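Trainee: According to UniProt numbering, the residues represented by the sequence shown are 1 to 557, in order.
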Amino acid sequence: MLSIFANSWHIFSPILIIFGLYWYFTRNFDFFTKQGITGPKPWVGIGNLWELFFTSMPELELERYKKFGKIYGVFEGNKPILRIGDPELVKKVLVKEFNVYQTRRETSNAKHPVIDLIISQASGDDWRRMRSTATPTFSSAKLRKVFKLLDQSMNGFVEALKTKAVPQRVVDMKWWFACYSMDVIANCIFGASTQAYTDPTDPIVVNARSLYRPKFWKIVVTLLFPTRLLNWLNIHSETNDQAIDYFVQITRKLLRLKEAEGREGAAKNSQFNDFVDILMRRNAIDKVLDGEGDGHEGGEQEDEDDGELNPLDDGMAAKIVSKPKTTTAAPDVKVPSPKPFDGRKPMTDDEIIAQVFSSLNGGFEATTNALAFCAHELALHPDVQERLYEEVNDALANTNGEITYETLGKLTYLDAVINESMRLHSAALRPTRVAAAEHTLGDTGITIRKGQTIELMVYAMHRSDEYWPRASRFDPERFMPENKANIIPYSYLPFGGGPRACIGQRFSLMVVKLAIARIVRQFKFAPCERTQVPVPLTKHLRFKAAQSIYLHIEARG
């Protein structure tokens with residue numbers, strides 16, 4: 001009898017395991033159909049991720065948007081993800097119902113603890129505290145100081161283009177802009193110049209390039225399986241821990257050095273201009289107000305951020321960051337009341353290091369691609385390139401040919417060109433938010449359960465003919481002052497939107513604007529036999545990145 005039972009168990013146990021796994025991976029597959037929400041059919045085990053093995057993310061994004069509309073559901077494994085591409089609903093998620101959607105989705109199980117301390121991963125009071133400390137780092141007064149370092153990097157870049165790129169005539173501008181981005185970040189964050197144009201073995205360059213080289217299978221596995229299981233299997237996301245260690249160590253040493261220099265130079269009103277200096281001085285103010293510091297670390301008075309989080313939003317986001325209690329929940333939502341918020345609690349050294357790492361990690365790829373795609377569009381549209389050249393030349397007629405921080409703010413066509421390029425080639429494909437409580441989304445009747453992820457289809461909205469007539473056409477006129485009123489709010493979000501919009505967007509725009517203005521004034525771009533249309537893209541699940549962008553370059557006479 002026992003032998004019969006044992007034999008039966010050997011036969012049926014694999015069947016039970018198979019059925020158990022099938023149930024686990026398919027148990028949520030009716031989640032959207034029960035609410036009348038359409039979407040692509042998921043596969044057992046992998047959900048809808050299988051299509052990414054055959055199609056690039058931007059192409060797939062547009063294809064699904066056209067087929068399923070502004071609201072549809074997908075699955076990552078068995079996890080339901082609601083995607084939204086309607087500007088009004090996007091505004092509800094980012095701003096009006098921010099108290100429900102304060103948290104971004106955690107997309108990393110990186111081994112290094114510094115990852116958990118970056119602002120984009122923080123939530124609740126920790127997020128508000130760190131953001132209130134870091135935001136003034138990007139005020140106009142601070143950016144004017146950093147501009148001097150940025151201009152130094154730009155001088156080196158222009159000289160390198162003249163001596164090395166122009167003689168070659170046909171160059172990979174993605175590579176050149178990557179070198180420029182690296183030099184800018186090193187100079188503006190650490191106050192250190194790299195030799196990226198001439199020495200590929202420079203330690204900062206080597207570690208920065210290896211910092212974020214994602215393995216496609218690792219990203220997919222990270223999305224499919226629980227973090228605990230991945231940690232147990234010792235499978236971690238795509239960050240390079242050795243490279244992180246390198247930047248953590250040099251930043252920690254830099255903090256100690258600058259603290260010593262700051263105290264020695266306090267009596268002389270010693271000033272530093274890179275972001276580490278600025279962030280440390282802002283944090284020192286918080287320490288004094290919190291009763292921890294002695295007042296010597298500062299050297300200057302605090303100034304407030306004087307710009308909106310998004311030039312095209314309605315200003316609601318800034319109010320939420322500074323006054324979180326002004327937000328209102330949807331009628332059916334019960335979100336726990338937050339603890340009293342102390343915006344003056346200073347950041348720890350590890351938190352400062354984490355923000356430095358975040359700026360390095362996020363800024364390098366985004367800046368490189370923004371510049372490369374813009375140069376590609378200018379090469380394909382010589383009329384736009386020449387009009388931009390004339391605007392820059394005219395603006396510099398009374399400044400002895402020098403581009404200043406104030407000059408950049410007056411170049412309206414430059415703004416339009418860059419905005420239009422970022423519309424067509426936005427780095428962030430789908431920003432995410434996680435629901436803190438179950439509620440109904442707007443007036444859609446769709447139930448969002450606690451912990452569910454919502455993805456905002458920014459890239460698809462940027463390419464939608466409904467919001468942008470002839471959306472695939474490069475047309476900077478859309479963003480000229482006389483036409484901005486035609487732009488539907490929250491249909492253009494290259495840096496995200498709401499209180500959790502990219503904190504460094506003003507710095508990023510300054511970097512891109514100065515580079516394009518200086519380059520267009522001194523060089524001409526044109527297509528060559530190696531120029532590809534459209535630009536070939538790398539396979540990545542989170543942002544749009546070019547592989548190579550070959551252009552013909554020549555110096556202007």
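Cβ coordinates follow ideal geometry from the N, Cα and C atoms, glycine included.
From a predicted model like this one, the values you see are computed outputs, not experimental measurements.
Give the straight-line distance between the Cα atoms of F31 and I446, rounded to the nearest whole angstrom.
Mentor: 11 Å
Trainee: Under the DSSP definition of a beta bridge, which residues are partnered with T538?
Mentor: Paired residues: none, contrary to the question.
Trainee: Would a C-beta distance cut-off of 8 Å place N78 and Y24 closer than the cut-off?
Mentor: yes
Trainee: What's the call for Q249, buried or exposed, on a 16-neighbour Cβ count within 10 Å?
Mentor: exposed
Trainee: Just checking, does the stretch 409-425 make contact with the stretch 48-55 on the three C-beta pairs under 8 Å criterion?
Mentor: no
Trainee: Kindly examine the ligand NAD and report whether one of its heavy atoms sits closer than 7 Å to the Cβ of Y413.
Mentor: Of ligands this structure carries none, so the ligand NAD is not represented either.
Trainee: Is the beta carbon of S359 less than 8 Å from the beta carbon of I189?
Mentor: Yes, Cβ-Cβ distance for S359 and I189 is below 8 Å.
Trainee: According to DSSP, is T494 helix, strand or coil?
Mentor: Note that residue 494 is Pro in the sequence shown here, rather than Thr. In the three-state scheme derived from DSSP, where H, G and I count as helix and E and B as strand, P494 is classed as strand.
Trainee: Identify which residue in A427, V90, P527 and Q355 has its Cα closest to the Cα of L378.
Mentor: P527
Trainee: Along the chain, where does the alpha helix (DSSP H) containing F157 start, and where does it finish?
Mentor: S140 to A160
Trainee: Can you have a look at F507 and say buried or exposed, based on whether 16 or more other CB atoms are within 10 angstroms of its CB?
Mentor: It is buried - the Cβ of F507 has at least 16 other Cβ atoms within 10 Å.
Trainee: Please go through the same chain and pick out, in chain order, the residues whose beta-carbon is closer than 6 Å to the beta-carbon of K92, but skip the five residues on each side of it.
Mentor: G442
Trainee: Between the C-alpha atoms of F373 and R27, what's the straight-line distance to the nearest angstrom?
Mentor: 42 Å
Trainee: So R433 is in the alpha helix (DSSP H); what residue range does that whole segment cover?
Mentor: Looking at the DSSP string, R433 is not in any alpha helix (DSSP H); the run it does join, the beta strand (DSSP E), is T432 to V434.
Trainee: Alpha carbon to alpha carbon, what distance is there between L16 and V355?
Mentor: Position check: residue 355 holds Gln in this sequence, whereas Val was assumed. Looking at the two C-alpha atoms, the distance is approximately 48 Å.
Trainee: Is the CB of V184 under 8 Å away from at least one CB in chain B?
Mentor: The structure shown contains no chain B; it holds only a single protein chain.
Trainee: On the CB-based measure, 16 or more other CB atoms within 10 Å of its CB, does R556 come out buried or exposed?
Mentor: exposed
Trainee: How big is the Cα-Cα spacing for K319 and V533?
Mentor: Since pLDDT at K319 reaches only 38, below the 50 mark, its modelled position is unreliable, and the value read off the structure follows with that caveat. Their backbone Cα atoms lie some 42 Å apart in a straight line.
Trainee: Just checking my contact of F157 with D126 at CB under 8 Å: how many whole Å lie between their CB atoms?
Mentor: 37 Å between Cβ atoms; not a contact.
Trainee: Is the Cβ-Cβ distance between S123 and T137 less than 8 Å?
Mentor: Between S123 and T137, the gap from beta carbon to beta carbon reaches 8 Å or more.
Trainee: Suppose you measure from the CA of S193 to the CA of S153; what does that come to, to the nearest Å?
Mentor: In a straight line, the C-alpha of S193 is about 8 Å away from that of S153.
Trainee: Please look up how many angstroms separate the CB atoms of D350 and L117, rounded, as I've assumed it's under 8 Å.
Mentor: 6 Å
Trainee: Quick one: what's got a C-beta closer than 6 Å to L408's C-beta in the same chain, skipping five residues either side?
Mentor: K513
Trainee: Assess contact between the stretch 489-508 and the stretch 80-88, defined as three or more Cβ pairs (one per stretch) separated by less than 8 Å. Is contact present?
Mentor: Taking 8 Å as the limit for Cβ pairs, the verdict is that the stretch 80-88 does touch the stretch 489-508.
Trainee: Mind reading off the beta-carbon distance from R64 to T453? Whole number of angstroms is fine, and I expect it under 8 Å.
Mentor: Rounded, the Cβ-Cβ distance is 16 Å, inconsistent with contact.
Trainee: Tell me the DSSP bridge mates of R83?
Mentor: For R83, which the question treats as bridged, DSSP gives the partners Y72 and E455.
Trainee: Starting from V171 and walking both ways along the alpha helix (DSSP H), at which residues does that stretch end?
Mentor: V171 -> not in any alpha helix (DSSP H); beta strand (DSSP E) instead, spanning V170 to D172.
Trainee: Which of the three DSSP states is assigned to A428 in this structure?
Mentor: strand
Trainee: Under three-state DSSP, which class holds H439?
Mentor: strand
Trainee: Assess, as a yes-or-no matter, whether the stretch 160-170 is touched by the stretch 140-148 under the definition of 3 or more beta carbon pairs within less than 8 Å.
Mentor: Contact fails: fewer than three Cβ-Cβ distances are below 8 Å.
Trainee: Please name the residue or residues paired with T103 in a DSSP beta bridge.
Mentor: V434
Trainee: Drop a sphere of 10 angstroms on the beta-carbon of M316, count the other beta-carbons inside from all chains shown, and report buried for 16 or more, exposed for fewer.
Mentor: Its pLDDT being 35, under 50, M316 is placed unreliably by the model, and nothing is read from it.
Trainee: List the DSSP bridge partners of L551.
Mentor: V171
Trainee: Would you give the residue range spanned by the beta strand (DSSP E) that I446 belongs to?
Mentor: I446 to I448
Trainee: Please state if the CB of L551 and the CB of F525 are separated by a distance shorter than 8 Å.
Mentor: yes
Trainee: Identify which residue in R530, G39, R518 and G498 has its Cα closest to the Cα of Y101.
Mentor: Residue G498 is the option with its Cα nearest to Y101.
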